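A quick write-up on the structure given underneath.
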Amino acid sequence: MSIQRKGMFEPYMKSFYVRSTDATHIKTLKLEILTNLANEANISTILREFQAIGRCATNISEVTDTCLNGLVLLLSNRDEAVVAESVVVIKKLLQTQPTEHSEIIKHMAKLFDSITVPMARASILWLIGEYCERVPKIAPDVLRKMAKTFTAEEDIVKLQTVNLAAKLYLTNSKQVHQQQKTKLLT
Numbered sequence: 000m001s002i003q004r005k006g007m008f009e010p011y012m013k014s015f016y017v018r019s020t021d022a023t024h025i026k027t028l029k030l031e032i033l034t035n036l037a038n039e040a041n042i043s044t045i046l047r048e049f050q051a052i053g054r055c056a057t058n059i060s061e062v063t064d065t066c067l068n069g070l071v072l073l074l075s076n077r078d079e080a081v082v083a084e085s086v087v088v089i090k091k092l093l094q095t096q097p098t099e100h101s102e103i104i105k106h107m108a109k110l111f112d113s114i115t116v117p118m119a120r121a122s123i124l125w126l127i128g129e130y131c132e133r134v135p136k137i138a139p140d141v142l143r144k145m146a147k148t149f150t151a152e153e154d155i156v157k158l159q160t161v162n163l164a165a166k167l168y169l170t171n172s173k174q175v176h177q178q179q180k181t182k183l184l185t
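Just so you know, we're using numbering that gives the first Met the number 0 here: the sequence shown kicks off at 0 and counts up by one.
See the structure below:
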């Protein structure tokens, strides 16, 4: 309904801001409604709400998983700005407790090709590089994809691609050396 009748909901947009006392399903629903209401006029307000969610999740450990799950749901949103901001906030949250969230990193890696905002792409590359031991099969594949588009990427994305390559070389050297041998033999 919030998609079909945006005008009906827009005056009450602040009512859909997530509160710490909201039940998990209510928080998720509110985030979904906010993203449905997003347009050029209010996107900065909505993105500030996502940043506030990230700060709450960082400061209140009891709501971290709920906030992360809500932000992960936003990764499949149609609005590129919403997806980009969600990626950046998720990156900040995962920095506080990375060991528990390798599935989220894998999910973000799968969405990488569809994300075009440079800051979001760089954030995903940083996460994959930083935690490449937790996603040992995905990290090299992402690097291979990036090698193909490297020259067309923004500088921030290029920097994180080189960062990913260096981290993979240092942490995954057996696989790197095996691949080099295989290429030399063929």
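Glycine included, C-beta positions come from ideal geometry on N, C-alpha and C.
Just so you know, these numbers come straight off a predicted model, no measurement behind them.
(message) Please state the DSSP three-state secondary structure of N162.
(response) helix
(request) Taking only the alpha-carbon atoms, compute the straight-line gap between N58 and R47 and give it to the nearest angstrom. (result) 17 Å
(message) Rounded to the nearest angstrom, what separates S43 and C131 at their Cα positions?
(response) 32 Å
(message) Which same chain residues end up closer than 7 Å to A56 when comparing Cβ atoms and leaving out the 5 residues on each side of it in sequence?
(response) V62, T63, C66, L67, L92
(request) Could you check if Q94 is buried or exposed, using at least 16 other CB atoms within 10 Å of its CB as the buried criterion? (result) exposed
(request) Count the other C-beta atoms from every protein chain shown that fall within 10 angstroms of the C-beta of L124, then say buried if there are 16 or more, exposed otherwise. (result) buried
(request) Answer with buried or exposed for P10, where buried requires no fewer than 16 other C-beta atoms within 10 angstroms of its C-beta. (result) exposed
(message) Using C-beta distances below 7 Å, list every residue in its chain close to S85, excluding the 5 sequence neighbours before and after it, in chain order.
(response) F49, L70, L73, L74
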